[in-house]
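Asker: Could you have a look at this structure, given as structure tokens, before my questions?
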Amino acid sequence: MSPSRRRWRQLLGDTVVITGLGVFVIWTLAPIVWMILSSFLFQRALITKPPNLSADSFTLKNFQKVFEASDALINAFTNSAIIAGGTTLIALALGSAAAYALARLQVPAGNRIALMVLATQMFPGIVIIIPLFIVLTRFKLIDTHVGMMAVHLSFVLPIVIWILKGFFEAIPRDLERAAAVDGATTFQTFRLVVLPISLPPLFASAVFAFIESWNDFLFAVIMTRMNTKTVPILISEFQGNYQTAFGQMLAAATLASLPVIIIAIIFRRYILLGFSEGAIKG
Amino acid sequence: MLPALLVLIAVVLYPIGRSIVLSFQRVEAKGGRFEYTWTWLDNYRALFRDEAVSIALRNSLYFTALDVLATVGIALTVALLLNHRFGRAGIFRIVLLIPWALAPVANGVLWKWILHGNYGVLNAVLKELGLIDTYVNWLGEPSLALRMMLLADVWKSVPFIALLLLAGLQNIPGYLYRAAKLDGATLLQQFRFVTLPALRTPIAIAVVLQSIWSFKVFDLIFVLTKGGPGDGTLMLNFLAYRVTFNFLDFGYGAAIANLIFGIMFVLAIIFIRLIKPGAPRSRTA
Chain V
5 MSPSRRRWRQ LLGDTVVITG LGVFVIWTLA PIVWMILSSF LFQRALITKP
55 PNLSADSFTL KNFQKVFEAS DALINAFTNS AIIAGGTTLI ALALGSAAAY
105 ALARLQVPAG NRIALMVLAT QMFPGIVIII PLFIVLTRFK LIDTHVGMMA
155 VHLSFVLPIV IWILKGFFEA IPRDLERAAA VDGATTFQTF RLVVLPISLP
205 PLFASAVFAF IESWNDFLFA VIMTRMNTKT VPILISEFQG NYQTAFGQML
255 AAATLASLPV IIIAIIFRRY ILLGFSEGAI KG
Chain U
552 MLPALLVLIA VVLYPIGRSI VLSFQRVEAK GGRFEYTWTW LDNYRALFRD
602 EAVSIALRNS LYFTALDVLA TVGIALTVAL LLNHRFGRAG IFRIVLLIPW
652 ALAPVANGVL WKWILHGNYG VLNAVLKELG LIDTYVNWLG EPSLALRMML
702 LADVWKSVPF IALLLLAGLQ NIPGYLYRAA KLDGATLLQQ FRFVTLPALR
752 TPIAIAVVLQ SIWSFKVFDL IFVLTKGGPG DGTLMLNFLA YRVTFNFLDF
802 GYGAAIANLI FGIMFVLAII FIRLIKPGAP RSRTA
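Protein chains in written order, with my numbering: chain V, 5 to 286; chain U, 552 to 836.
Dropping the structure here:
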């Protein structure tokens with residue numbers, strides 16, 4: 005191949021890649037950009053064909069109205085924060101110890117338990133929620149934060165255990181042997197040696213847990229009534245009740261998505277870590 | 552170990568067992584209390600006669616098959632692009648995380664607005680480009696609505712799968728490509744004989760995971776169509792919900808849920824076979 009031809013091929017390849025990356029960015033961001041843009045537009049601009057995007061179409065009214073509509077939004081944010089935060093903390097506390105035990109100690113049937121933990125993540129939520137609904141009704145835990153945390157643990161705890169198990173397995177055993185030589189008990193080794201160097205993975209699984217719990221809809225739509233309505237429930241009601249107030253509907257959806265998107269962007273390092281460690285290597 | 556196990560037994564294992572028991576019973580809610588009668592196989596017999604079940608099963612299978620195909624195909628392309636030296640910039644990974652983190656309900660609202668028959672931006676864009684003459688009611692016709700739901704789900708699912716495949720691509724040692732180049736392999740041959748074989752396991756995992764998630768789709772149906780028009784987008788998960796919590800037929804709902812469970816169980820076993828967890832690293836390496 006002559007040098008000039010090779011240069012042409014190189015150029016062609018680069019063009020294809022750059023075009024591909026451009027298409028990818030537009031395809032991924034356009035819907036989100038349109039959601040955010042729409043939430044800042046007056047109704048009359050939204051129902052013009054095609055939508056009127058001139059400068060005087062933009063407004064903050066939609067957000068103002070969403071907040072004014074009731075305390076519902078603030079309440080939903082509070083509920084979601086309590087439920088997702090509580091679920092995350094409980095899952096980390098229980099899950100880190102369990103993951104460590106599965107990764108290190110000679111748990112009888114350890115591998116089988118690990119497999120079962122993984123399998124639980126694949127069960128359809130509907131199988132779990134029908135009986136739990138009946139039980140929680142009897143204990144009067146429907147529409148309570150405790151009840152929601154309990155049902156969320158069913159899918160959050162397995163994720164946390166699974167991600168952390170992968171990390172713990174990757175920690176060199178020599179570190180723990182050194183601690184053992186110094187006379188540390190298993191629990192001391194875990195608390196003083198393993199936990200401090202596991203902060204990134206703990207963070208990674210916390211971010212996963214929080215996002216999964218915050219975004220849950222199936223369990224929330226079944227388990228919540230007036231007192232514990234979460235953000236996703238509120239948006240779904242908004243789009244039902246305000247079918248024609250498009251700007252407000254999208255302002256609500258934008259507000260609801262922002263916290264998790266911001267969390268995902270800030271903690272992206274940990275999330276990507278979670279992908280490469282927990283999700284794939286297993 | 553023990554506390555976590557107890558919690559998992561309480562919120563996962565017990566419900567699964569109970570759901571199997573429920574599926575052999577008729578459950579009636581009377582004044583806040585539940586009454587149970589054993590009806591044994593009645594619920595499962597009803598399953599076979601119920602036309603809604605066969606519609607939902609057909610829709611679920613169709614949706615899952617196309618969803619997996621499109622998602623994994625697009626995700627593989629995206630992963631290859633992001634693995635190229637131009638695509639390594641961190642900003643592209645941030646772009647990927649946004650749809651992934653977006654709440655599925657917000658995703659539904661977002662696409663409902665984009666696909667709106669009168670004011671949707673998809674219609675506006677296609678009309679401006681001259682691709683359609685009149686506005687299309689994307690969610691108004693059964694098979695079209697199902698395909699639009701597919702579009703919304705693929706858009707949301709691609710990022711996770713792309714990140715998964717990207718991690719797989721990054722594990723391929725560079726010397727394999729250098730060796731292939733020395734042997735005079737073209738780009739296409741490098742992809743066919745180096746990249747694809749190395750990605751076999753990640754791709755298989757992606758296919759199984761995405762099948763499980765497509766099969767479970769619920770939020771999108773709830774927001775976009777509630778299963779309509781005319782059961783055109785009715786899928787098993789939504790049907791189980793409708794039967795249980797709208798028609799309050801807990802026993803029959805549990806039977807449908809167990810049908811989903813059975814199908815997903817098979818998928819889960821395939822998944823577990825693929826990643827073989829617990830095997831010592833040194834032996835697998």
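C-beta: ideal position from N, C-alpha, C; glycine also.
(1) If you draw a straight line from the alpha carbon of Pro-655/U to that of Pro-7/V, how long is it in whole angstroms?
(2) For Gly-99/V, which option in Ala-555/U, Trp-591/U and Gly-668/U has the closest C-alpha, if you only look at C-alpha atoms?
(3) Within the same chain, show all residues whose beta-carbon is closer than 6 Å to that of Ala-806/U, passing over the 5 residues directly before and after it, in chain order.
(4) Going by beta carbon distance, what residues of the same chain come within less than 6 Å of Phe-250/V, once the five residues before and after it are set aside?
(5) Output the distance between the C-alpha atoms of Asn-797/U and Ser-611/U, rounded to the nearest integer angstrom.
(6) Strictly under 9 Å for the Cβ-Cβ distance: is Ile-275/V near chain U by that measure?
(7) With 9 Å set as the bound, which would you pick, yes or no: does the beta-carbon of Ser-240/V sit closer than that to a beta-carbon of chain U?
(8) May I ask you to list, following chain order, the residues of the stretch 654-687 of chain U that have a beta carbon less than 9 Å from some beta carbon of chain V?
(9) Output the residue ranges of the alpha helix (DSSP H) runs that lie fully inside the stretch 559-620 of chain U and measure 4 residues or longer, sorted by chain position.
(10) What number of angstroms, rounded off, separates the C-alpha of Ile-87/V from the C-alpha of Ala-154/V?
(11) Nearest by alpha-carbon distance to Thr-258/V: which of Ala-757/U, Leu-739/U and Trp-664/U is it?
(12) Apart from the five residues just before and just after Gly-668/U, which ones in its own chain have a Cβ nearer than 8 Å to its Cβ?
(13) Which residues in chain U have a C-beta closer than 8 Å to the C-beta of Leu-254/V? List them in chain order.
(14) Rounding to the nearest angstrom, what Cα-Cα distance links Phe-67/V and Gln-252/V in this structure?
(15) Give the secondary structure of Leu-553/U by DSSP, where H, G and I count as helix, E and B as strand, and everything else as coil.
(16) Please list the partners that Leu-573/U has in chain V, where partner means a Cβ-to-Cβ separation under 9 Å.
(17) Does DSSP put Leu-109/V in a helix, in a strand, or in coil?
(18) Give a yes or no on contact between the stretch 767-774 of chain U and the stretch 743-752 of chain U, applying the rule of three or more CB pairs nearer than 8 Å.
(19) Can you tell me the Cα-Cα spacing of Lys-242/V and Arg-636/U, whole angstroms?
(20) Below 8 Å on the Cβ atoms is my contact criterion, and I expect Ala-703/U with Met-126/V to pass it. Report the Cβ-Cβ distance as a whole number of Å.
(21) So, for Val-164/V: in the same chain, excluding its five sequence neighbours on each side, which residues have a beta-carbon less than 7 Å away from its beta-carbon?
(22) For Phe-62/V, list the residues DSSP reports as bridge partners.
(23) Taking the Cβ atom as the reference point for each residue, do Leu-633/U and Ala-757/U lie within a distance shorter than 9 Å?
(24) Take Tyr-587/U and list the residues in its own chain whose beta-carbon comes closer than 6 Å to its own, dropping the five residues that flank it on each side.
(25) In three-state DSSP terms, what is Arg-751/U?
Answerer: According to the structure shown:
(1) 51 Å
(2) The closest CA to that of Gly-99/V, considering only Ala-555/U, Trp-591/U and Gly-668/U, is found on Ala-555/U.
(3) Ser-574, Asn-594, Tyr-595 and Leu-598
(4) Leu-50
(5) 20 Å
(6) yes
(7) yes
(8) With the criterion set as a beta carbon lying under 9 Å from some beta carbon of chain V, the members of the stretch 654-687 of chain U are Ala-654, Pro-655, Val-656, Ala-657, Asn-658, Gly-659, Val-660, Leu-661, Trp-662, Lys-663, Trp-664, Ile-665, His-667, Asn-669, Tyr-670, Val-672, Asn-674, Ala-675, Val-676, Lys-678, Glu-679 and Tyr-686, in sequence order.
(9) 565-573 and 593-600
(10) 10 Å
(11) Of the candidates Ala-757/U, Leu-739/U and Trp-664/U, the one whose C-alpha sits nearest the C-alpha of Thr-258/V is Trp-664/U.
(12) The beta carbon of Gly-668/U sits closer than 8 Å to the beta carbons of Asn-674, Tyr-686, Val-687, Asn-688, Trp-689, Leu-690 and Gly-691 from its chain, once the five residues preceding and following it are set aside; these are given in chain order.
(13) Val-660, Leu-661 and Trp-664
(14) 7 Å
(15) helix
(16) Ile-134, Pro-135 and Ile-138
(17) coil
(18) Taking one beta carbon from each stretch, the stretch 767-774 of chain U and the stretch 743-752 of chain U have fewer than 3 pairs nearer than 8 Å; the two do not touch.
(19) Position check: residue 242/V holds Phe in this sequence, whereas Lys was assumed. Cα to Cα, Phe-242/V sits roughly 44 Å from Arg-636/U.
(20) Actually they are not in contact, since the Cβ atoms of Ala-703/U and Met-126/V sit about 23 Å apart, beyond 8 Å.
(21) Ala-95, Leu-96, Gly-99, Ser-209 and Ala-213
(22) Leu-45/V
(23) Going by C-beta atoms, Leu-633/U is not nearer than 9 Å to Ala-757/U.
(24) Gln-576 and Val-578
(25) helix
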